[in-house]
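Undergrad: Per my numbering, residue 57 is the first one in the sequence shown, and the count goes up by one each step.
Pasting in a structure now, in structure tokens, and then I'll have a few things to ask.
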Amino acid sequence: MKIFLDTANLESIRKFNDMGLLDGITTNPSLMSKEGGNPKDIMEEITKIIKGDVSLEVVSTEYSGMIEEGKRLRQYGKNVVVKVPMTPDGLKACKHLTSEGIPVNVTLIFSPNQALLAAKSGAKYISPFIGRLDDIGKDGMNLIRDIKKIFDNYKDEDDDFKAQILVASIRHPIHVIDAAKIGAHVVTLPPAVLDKMLQHPLTDIGLENFLSDWKKLKAGI
Ligand code: G3P
Numbered sequence: 057m058k059i060f061l062d063t064a065n066l067e068s069i070r071k072f073n074d075m076g077l078l079d080g081i082t083t084n085p086s087l088m089s090k091e092g093g094n095p096k097d098i099m100e101e102i103t104k105i106i107k108g109d110v111s112l113e114v115v116s117t118e119y120s121g122m123i124e125e126g127k128r129l130r131q132y133g134k135n136v137v138v139k140v141p142m143t144p145d146g147l148k149a150c151k152h153l154t155s156e157g158i159p160v161n162v163t164l165i166f167s168p169n170q171a172l173l174a175a176k177s178g179a180k181y182i183s184p185f186i187g188r189l190d191d192i193g194k195d196g197m198n199l200i201r202d203i204k205k206i207f208d209n210y211k212d213e214d215d216d217f218k219a220q221i222l223v224a225s226i227r228h229p230i231h232v233i234d235a236a237k238i239g240a241h242v243v244t245l246p247p248a249v250l251d252k253m254l255q256h257p258l259t260d261i262g263l264e265n266f267l268s269d270w271k272k273l274k275a276g277i
């Protein structure tokens, strides 16, 4: 399973990239806005730091604006994936950009039908938002199970459903384990979730004990 970081924060991106953990980045207009500064500089810098796919989102809501913005976003780097919303114009833009060799991530997916249609229109990634479904009392992970089942049903046939399932709106480490058990292709994680995945109290206690035992030797390495 690929791990993407869901942020536009350069410090977090560098931190986890230096550990070799990042296969890509996803951003959205809210995440860009949170960072402030010049979004163009930030987007360009992200595409330089990260070798893998970097999703940058359009803000236009109509087809021609999405195409124009998508082409501009793509100029930030060859690894840019254009993120478009799951709307009729978004799917039309997905089809067009894909036909020009520009990969697309269709975002704001909340149902298996939306996933199926986004895949049909040629998306490289489809982004179901599981945390936001949990927030309204639905089981977000069930959506991932359904989409995986549907795509797997056709995996040996033509290339209608070749989109990768990019699990988004992840809120905690259990979401990551569940997504991996289901076989999702990608999870995109807020930095805080990735931090939590690294930690275990027994690791900290174990390290403390190793170091205090070694000190008793009064020797160097
Ligand atoms: O990048 C999109 C998605 O991950 C947003 O998550 O926490 O705002 O629902 P959230």
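Don't be surprised by glycine CBs; every beta carbon is placed ideally from N, CA and C.
1. Candidates Val138, Leu87 and Ser111: which alpha carbon is nearest glycine 121's?
2. Per DSSP, serine 111 is paired with what?
3. Say the cut is 8 Å; is the CB of serine 68 nearer than that to a heavy atom of the ligand G3P?
4. In chain order, what residues of the same chain have a beta carbon less than 8 Å from the beta carbon of leucine 250, not counting five sequence neighbours either side?
5. Residues around the ligand G3P, please: the condition is that the C-beta lies closer than 6 Å to some non-hydrogen atom of it.
6. In its own chain, which residues sit with a C-beta less than 8 Å from the C-beta of aspartate 195, not counting the 5 before and 5 after it?
7. Mind checking whether isoleucine 206 and phenylalanine 217 have CB atoms under 9 Å apart?
8. Leaving out five residues on either side along the sequence, give the residues of the same chain with a beta carbon under 8 Å from the beta carbon of alanine 175.
9. Check whether the region 89-107 touches the region 142-149, taking contact to mean three or more Cβ pairs, one atom from each stretch, closer than 8 Å.
10. Helix or strand or just coil, what does DSSP make of serine 268?
11. For threonine 163 versus valine 136, is the C-beta spacing smaller than 9 Å?
12. Hey, how far is the Cα of tyrosine 210 from the Cα of proline 159?
13. Write down every uninterrupted run of the alpha helix (DSSP H) in the region 207-261 whose length is 4 residues or greater and which is fully enclosed by it, in chain order.
14. Look up proline 144 in the DSSP assignment and say whether it is helix, strand or coil.
TA: In brief:
1. Val138
2. Thr82 and Val137
3. no
4. Ile59, Leu61, Phe72 and Leu77
5. Asp62, Thr82, Asn84, Phe185, Gly187, Arg188, Ala224, Ser225 and Thr244
6. Leu189
7. The answer is yes: Cβ separation under 9 Å.
8. Ile182, Phe207, Asp216, Phe217, Lys218 and Ala219
9. no
10. helix
11. no
12. 21 Å
13. 229-238 and 247-254
14. helix
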